[in-house]
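Undergrad: Chains A and B, in that order, are what the protein sequence lines are.
Read in order, the letters of the first sequence correspond to residues 326 to 524 in my numbering.
Read in order, the letters of the second sequence correspond to residues 326 to 524 in my numbering.
Have a look at the structure that comes next, please.
Number of protein chains: 2
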Amino acid sequence: MARVREFDPEQAIEGATQVFWRNGFADTSLEDIVSETGVSRYGLYGTFGNKKELLVAALRHYEQSMSDMLWGDLRKPDAGKQEILEFWHSIRRHAEDEGFCNGCLIVNVAAEVAPHEPEIAAEVQRIDDDHAAVFAAAIRNGQKSGEISLKIDADGAGRMLVALSHGLALMVRAGVKPTELGGAIEAGLSILGSPDSSG
Amino acid sequence: MARVREFDPEQAIEGATQVFWRNGFADTSLEDIVSETGVSRYGLYGTFGNKKELLVAALRHYEQSMSDMLWGDLRKPDAGKQEILEFWHSIRRHAEDEGFCNGCLIVNVAAEVAPHEPEIAAEVQRIDDDHAAVFAAAIRNGQKSGEISLKIDADGAGRMLVALSHGLALMVRAGVKPTELGGAIEAGLSILGSPDSSG
DNA sequence: CCAAAAACAGAATGATAATTCTGTTATAAC
DNA sequence: GTTATAACAGAATTATCATTCTGTTTTTGG
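See below:
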C-alpha cells in the first residue's frame, strides 16, 4: 500500500560501478551517481545505506561481471596451462579495447579505500585470495598433466600472477599504453614453462 | 632586510612525504601537514605553491631516499643477477619491518592521483621507466655472464619485475601480511633461472 | 632607533559534498 | 474514494578543506 520504486537496483549498481571505476571513490560524489543513474539521493540512501556500502555493492557487482567475462574457463575444475594462457590473452584483448583504461576496480579500491576501511580491505583480500587460489589450482592441474614444471610452487606462482595483474592494471590506469605491457605478461607467464610466443 | 624563514624546507618535505605515504593524497589535509611538520600554512604555500606541487616534491624526495636505500647496488653498471636477488631480499627485509605497511608512495600515488593529474602521471611513469630500465640492464649483464637464460626478454622481464613490485606493495598497503608474499617473490624471480632457495 | 620586507599565526572565504529533512506524489489495501 | 505507506525531488544542514587575507612580529639596512 505504498508507492512503488521507480528504478532497478541492479542498474543503479551498474551505473555506480562505472562511476567509481572511472573516478575513484573520493572523487565520486553522490551527485555524480545521481546523474549517471538517474536515481535520486533518496533512492540511493534508502536502498544501499551510504556511499561506502554502495561501493561494496559495486565491488561485488564488478567481481561478478568480471568473473563471468574472464574467469569462467579458468574456474573449471580441470583448467590447466591452456586456460591460464587464454585468460591472459583475454586480458590483453580487453585492455587494448576502450573501457579498460581505468584499470581494475578491485585494484583501484585496494589502493585508495582499503587502507582506511577494514570492511573494504577484507572484501578485497577475499577476492584476491580467491583469484590466487584459482591460478594455483590450474597450475597444479598443469603440473599433474606435465605441462608445467614441478619445480614451481603453485601457491606462490598463483599469488605472483595476481600481484602482477594488479601492478599492470595500475600502470594502465596511470596512463601506460596496454600495448607496451605485452612483454611483461610474456615474462610473467614464462614461469609456467616454455613461453607461448604466438601473441 | 626581512625576517628569516624558521623551518627547513627539506624537513618539511620529509614530513609531508610521511603524511602522504600514510594517508594518501585526498585524505591528507594541509592542516595534517602543518601538524606533522610544525610549518605554517603560509610557509607551505609560500615555499611549495600548493598541495599538488607539494606532492610532487614529496614524490621526488621519496624516490631519492629509496634510491639511496634500495637501488644503489642495482644501479651500478655491472650489476647482475646477484644484485637483483639482493634488491628483493632487501625489499623483503624492509617490508617485514614496521614502516612499510603503507606500501610504496609511488604506487599509491599512481593509483590515486595519476589518473586525474597528467603532471603526476608523467612523474610516476618516468620513475617506473627508470626502474624497469635498471632491472633490464642488470638482466642483460646477467645474460652476458651466463647467469641468466638468454631466452628471456630483458625489457619485458624488467617491466614485469616493476609491475610485480607494484602489485605486492598494493597488497601490503591493503592489509596483506608481507610474510605471506615471499612465495610470490620467489616465483617472480624464478624467471631469472634456477631459484635461489636460501631465503 | 626607524622603516621596509618578508615570515608568522590564525581568521575568513568559498567551494564541495555527505547526509538528513520537508513537502509532494503515487500506490494499493480497505 | 479514502488513507496509510513509502517513494520522489530538491532544499537545508553540517562538515571539511584548499586557499587567501589580515594583522603581527622579526630581521636587517640605513
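Note that beta-carbon positions come from the ideal geometry of N, C-alpha and C, so glycine has one too.
All values reported here derive from a predicted model rather than from experimental measurement.
Residue 433/B versus chain A: which residues are under 9 angstroms apart at the beta carbon?
TA: Indexing the second sequence from 1 puts residue 433/B at position 108. The answer, in chain order, is 436, 437, 440.
Undergrad: Taking 8 angstroms as the threshold, find out whether the region 366-373 of chain B comes into contact with the region 422-435 of chain B through three or more Cβ pairs.
TA: At 8 angstroms Cβ cutoff, the stretches do not touch.
Undergrad: Which residues in the same chain have their Cβ closer than 7 angstroms to the Cβ of residue 442/B, if we skip the five residues on either side of it in sequence?
TA: Position 117 of the second sequence, counted from the first residue, corresponds to residue 442/B. Result list for residue 442/B: 377, in chain order.
Undergrad: What residue range is occupied by the uninterrupted alpha helix (DSSP H) comprising residue 410/B?
TA: The sequence position of residue 410/B within the second sequence is 85, counting from 1. Its alpha helix (DSSP H) spans residues 406-421.
Undergrad: Closest to residue 436/A by CA distance: which of 505/B, 510/B, 351/B, 517/B is it?
TA: Sequence index remark: in the first sequence, residue 436/A carries index 111 (1-based). For residue 436/A, the nearest C-alpha among the options comes from 351/B.
Undergrad: By the DSSP assignment, the alpha helix (DSSP H) with residue 399/A in it spans what residues?
TA: Position 74 of the first sequence, counting from 1, holds the residue named residue 399/A. Counting along the chain, residue 399/A falls outside any alpha helix (DSSP H), and DSSP gives it neither H nor E.
Undergrad: Work out the CA separation of residue 402/B and residue 445/A for me, nearest whole Å.
TA: On the first sequence, residue 445/A is found 120 positions in, with the first residue counted as 1. On the second sequence, residue 402/B is found 77 positions in, with the first residue counted as 1. The alpha-carbon atoms of residue 445/A and residue 402/B are separated by roughly 44 angstroms.
Undergrad: Under 8 angstroms between the Cβ atoms of residue 468/A and residue 499/B?
TA: Taking the first sequence and counting its residues from 1, one reaches residue 468/A at position 143. Taking the second sequence and counting its residues from 1, one reaches residue 499/B at position 174. In this structure, residue 499/B does not lie closer than 8 angstroms to residue 468/A by Cβ.
Undergrad: In or out: residue 406/B buried (at least 16 other Cβ within 10 Å) or exposed?
TA: Working through the second sequence from its first residue, we reach residue 406/B at position 81. Buried is the call here.
Undergrad: In chain B, which residues lie with their C-beta within 8 angstroms of the C-beta of residue 354/A?
TA: As a position in the first sequence, residue 354/A is number 29, starting the count at 1. Those do not exist, as residue 354/A stays about 13 angstroms from chain B at its closest Cβ, beyond 8 angstroms.
Undergrad: In the region 448-460 of chain B, which residues sit with their C-beta less than 8 angstroms from some C-beta in chain A, listed in chain order?
TA: Going along the region 448-460 of chain B in chain order, one finds 449, 450, 453 with a Cβ nearer than 8 angstroms to chain A.
Undergrad: Rounded to the nearest angstrom, how far is the Cβ of residue 349/A from that of residue 488/B, given a contact under 8 angstroms?
TA: For the purposes of this step, residue 349/A is taken as the residue at position 24 of the first sequence. For the purposes of this step, residue 488/B is taken as the residue at position 163 of the second sequence. Not confirmed; about 20 angstroms, so no contact.
Undergrad: Counting only the same chain and skipping the five closest in sequence on each side, list residues whose C-beta sits under 6 angstroms from that of residue 510/A.
TA: Numbered from 1 along the first sequence, position 185 holds the residue referred to as residue 510/A. Same-chain partners within the cutoff: 413.
Undergrad: List, in order along the chain, the chain B residues whose C-beta lies closer than 8 angstroms to that of residue 391/A?
TA: If you number the first sequence from 1, residue 391/A lands on position 66. What residue 391/A touches in chain B: nothing, since even the nearest Cβ is about 17 angstroms away.
Undergrad: Please compile the residues from chain A whose C-beta is within a distance smaller than 7 angstroms of the C-beta of residue 381/B.
TA: Stepping through the second sequence from its first residue, residue 381/B is reached at position 56. The premise fails here: residue 381/B is roughly 15 angstroms from chain A at the closest Cβ pair, so nothing lies under 7 angstroms.
Undergrad: If you run the structure through DSSP and keep just helix, strand and coil, what is residue 492/B?
TA: Here the question's residue 492/B lines up with position 167 in the second sequence. Of the three classes helix, strand and coil, the one that applies to residue 492/B here is helix, per DSSP.
Undergrad: Relative to the alpha-carbon of residue 334/B, which residue among 383/B, 347/B, 356/B, 517/B has its alpha-carbon at the smallest distance?
TA: Taking the first residue of the second sequence as position 1, residue 334/B is located at position 9. The candidate whose alpha carbon is nearest that of residue 334/B is 383/B.
Undergrad: Run through DSSP, which three-state label would residue 435/B get?
TA: As a first step, residue 435/B is located in the second sequence; it is residue number 110 there, counting from the start. The answer is helix: DSSP assigns residue 435/B an H, G or I state.
Undergrad: Thinking C-alpha only, which one of 516/A, 398/A, 421/A is nearest residue 320/A?
TA: Residue 320/A lies beyond the residue range present for chain A, which begins at 326 and ends at 524; the question has no answer from this structure.
Undergrad: Going along chain A in order, which residues have a C-beta closer than 9 angstroms to the C-beta of residue 490/B?
TA: As a working mapping, residue 490/B is identified with position 165 in the second sequence. Near residue 490/B (Cβ distances below 9 angstroms), the residues of chain A are 488, 492.
Undergrad: For residue 466/B, count the other beta carbons within 10 Å of its own beta carbon; 16 or more makes it buried, fewer makes it exposed. Which is it?
TA: Numbered from 1 along the second sequence, position 141 holds the residue referred to as residue 466/B. Residue 466/B should be labelled buried.
Undergrad: Look up residue 394/B in the DSSP assignment and say whether it is helix, strand or coil.
TA: Residue numbering aside, residue 394/B sits at position 69 when the second sequence is read from its first letter. It is helical.
Undergrad: Return the residues of the region 498-523 of chain B that lie within a Cβ-Cβ distance of less than 9 angstroms from chain A, sorted by chain order.
TA: Flagged, chain order: 498, 499, 500, 501, 505, 506, 507, 508, 509, 510, 511, 512, 513, 515, 516, 519, 520.
Undergrad: State buried or exposed for residue 447/B, treating a residue as buried only when at least 16 other CB atoms are found within 10 Å of its CB.
TA: Within the second sequence, numbered from 1, the residue matching residue 447/B stands at position 122. Counting Cβ neighbours within 10 Å, residue 447/B comes out exposed, since fewer than 16 surround it.
Undergrad: Hey, does residue 484/A have any beta-carbon neighbour from chain B nearer than 8 angstroms?
TA: For the purposes of this step, residue 484/A is identified with residue 159 of the first sequence, where counting begins at 1. At least one chain B Cβ lies under 8 angstroms of residue 484/A.
Undergrad: Under a CB-based cut-off of 8 angstroms, is residue 333/A close to chain B?
TA: The count along the first sequence starts at 1 and reaches residue 333/A at position 8. No, because no Cβ of chain B sits closer than 8 angstroms to the Cβ of residue 333/A.
Undergrad: Quick one: grab the DSSP three-state call for residue 427/A.
TA: Here residue 427/A is taken as the residue at index 102 of the first sequence, counted from 1. Coil, per DSSP.
Undergrad: Roughly how many whole angstroms lie between the Cα atoms of residue 360/B and residue 501/A?
TA: Your numbering for residue 360/B matches position 35 in the second sequence. Your numbering for residue 501/A matches position 176 in the first sequence. Roughly 36 angstroms between the two C-alpha positions.
Undergrad: Between the alpha carbons of residue 330/A and residue 456/A, how many angstroms are there, rounded?
TA: Counting from 1 along the first sequence, the entry for residue 330/A is found at position 5. Counting from 1 along the first sequence, the entry for residue 456/A is found at position 131. Rounded to whole angstroms, residue 330/A to residue 456/A spans 36 angstroms at the Cα level.
Undergrad: For residue 481/B, would you say it is in contact with chain A, using Cβ-to-Cβ distances shorter than 8 angstroms as the test?
TA: Residue 481/B sits at position 156 when you count from the first residue of the second sequence. Interface residue, yes.
Undergrad: State the start and end residues of the unbroken alpha helix (DSSP H) segment that holds residue 507/B.
TA: Taking the second sequence and counting its residues from 1, one reaches residue 507/B at position 182. First-last of the alpha helix (DSSP H) with residue 507/B: 507-514.
Undergrad: Under a CB-based cut-off of 8 angstroms, is residue 477/A close to chain B?
TA: Position 152 of the first sequence, counted from the start, is the residue given in the question as residue 477/A. Closer than 8 angstroms to some Cβ of chain B, the Cβ of residue 477/A qualifies, so yes.
Undergrad: Classify residue 422/A as buried or exposed, calling it buried when 16 or more other Cβ atoms lie within 10 Å of its own Cβ.
TA: For the purposes of this step, residue 422/A is taken as residue 97 along the first sequence, with counting starting at 1. Label assigned to residue 422/A: exposed.
Undergrad: Taking the alpha helix (DSSP H) that residue 368/A falls in, what are its first and last residues?
TA: As a position in the first sequence, residue 368/A is number 43, starting the count at 1. Unbroken alpha helix (DSSP H) run through residue 368/A: 366-373.
Undergrad: Mapping the DSSP letters down to three states, classify residue 456/B as helix, strand or coil.
TA: If you number the second sequence from 1, residue 456/B lands on position 131. Residue state, collapsed to three classes: helix.
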